[in-house]
Amino acid sequence: MSKAHRGVPLRSQPAHGRGECPICHATGIKVVYEQEVDGQKVKVCKYCKAALKNKALKAKPAATAEEAAAN
Numbered sequence: 309m310s311k312a313h314r315g316v317p318l319r320s321q322p323a324h325g326r327g328e329c330p331i332c333h334a335t336g337i338k339v340v341y342e343q344e345v346d347g348q349k350v351k352v353c354k355y356c357k358a359a360l361k362n363k364a365l366k367a368k369p370a371a372t373a374e375e376a377a378a379n
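Just so we're on the same page, the working numbering is the position in the sequence shown counted from 1, plus 308.
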């Protein structure tokens, strides 16, 4: 199991990777996951990363269903 977001690798980051998430505004949470939001790369918490990923997955099947209906 990868441990890139725990322990030793976080020591080199400012505040050990902790801060305020720009999406949910939670404070004191690890913001170490890079995501593209509105054309910018920002670091978000793991909960927002999962929410963005699920939102993209739900939007993708709807787009393919519309394309199939058009043909």
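Glycine residues also receive a C-beta, built at the ideal position from the N, C-alpha and C atoms. Being a predicted model, the structure only gives us computed values, none of them experimental.
Terminal residues of the beta strand (DSSP E) in which residue i lies
| i | result |
| --- | --- |
| residue 348 | 348-352 |
| residue 339 | Run containing residue 339: none; DSSP gives neither H nor E here. |
Where residue i sits in the DSSP three-state scheme
| i | result |
| --- | --- |
| residue 311 | coil |
Residue i classed as buried or exposed, judged by whether at least 16 other C-beta atoms fall within 10 angstroms
| i | result |
| --- | --- |
| residue 339 | buried |
| residue 352 | buried |
| residue 332 | exposed |
Identity of the residue in the options nearest residue i by Cα
| i | options | result |
| --- | --- | --- |
| residue 324 | 347, 344, 337, 330 | 337 |
| residue 357 | 368, 367, 344 | 344 |
Closer than 7 Å: residue i CB and nearest the ligand PLP heavy atom
| i | result |
| --- | --- |
| residue 330 | Among the ligands in the structure shown, none appear at all, so the ligand PLP cannot be discussed. |
Residues sharing a beta bridge with residue i, DSSP
| i | result |
| --- | --- |
| residue 316 | DSSP output for residue 316 lists no bridge partner at all. |
| residue 327 | 337 |
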